[in-house]
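First comes the structure, then the notes that go with it.
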Amino acid sequence: MPLKATCHCGATSFEVSEAPTSITECNCTFCFKRGGLWAYYSPEQVSFTKTDKTTPYTSDATTHAHHHCSICGCGAYNQVLCTWGESGPDFTKPQVAVNARLFDDFDIATLPVNHLDGRNQW
158 MPLKATCHCG ATSFEVSEAP TSITECNCTF CFKRGGLWAY YSPEQVSFTK TDKTTPYTSD
218 ATTHAHHHCS ICGCGAYNQV LCTWGESGPD FTKPQVAVNA RLFDDFDIAT LPVNHLDGRN
278 QW
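Our numbering applies: residue 158 is where the sequence shown begins, and numbers increase by one.
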């Protein structure tokens, strides 16, 4: 069942093809300060409906482009240019990490939370 997501002001919205089965909390300095909880999807599973008011931020241009609403400031999604595995990044499998806190009418408290040690991994 598709799931819709919007930022606080509604200027940014997207839809994912299905509800996540888990969410990820990353402790890298960006995610920790941003406060996002991430659900990962393939690019084909995400449909961006309103993104003309999003602004990208790239602190590490080789792997992530973080997008936030330029009006209300909500962190919306990240374009992740690779999938991370035990052997490092796999650039043949890009991902979109969406902020699960933006899902409309969906209780993220029911999902297991994976903890990613991004502070020491990146």
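Beta carbons: idealized from backbone N, C-alpha and C, even for Gly.
Reduced DSSP category for residue i - H, G, I as helix; E, B as strand; rest coil
i: E201; result: helix
i: T267; result: helix
i: G245; result: strand
i: K190; result: helix
i: A257; result: helix
For residue i, the first and last residue of its enclosing beta strand (DSSP E)
i: N235; result: G232 to V237
Buried or exposed (CB count within 10 angstroms, at least 16 for buried), residue i
i: A266; result: exposed
i: V270; result: exposed
i: H221; result: buried
i: G193; result: buried
i: S170; result: buried
i: P177; result: buried
Span separating the alpha-carbon of residue i from that of residue j
i: P159; j: Y197; result: 14 angstroms
i: E175; j: N277; result: 31 angstroms
i: S199; j: L238; result: 11 angstroms
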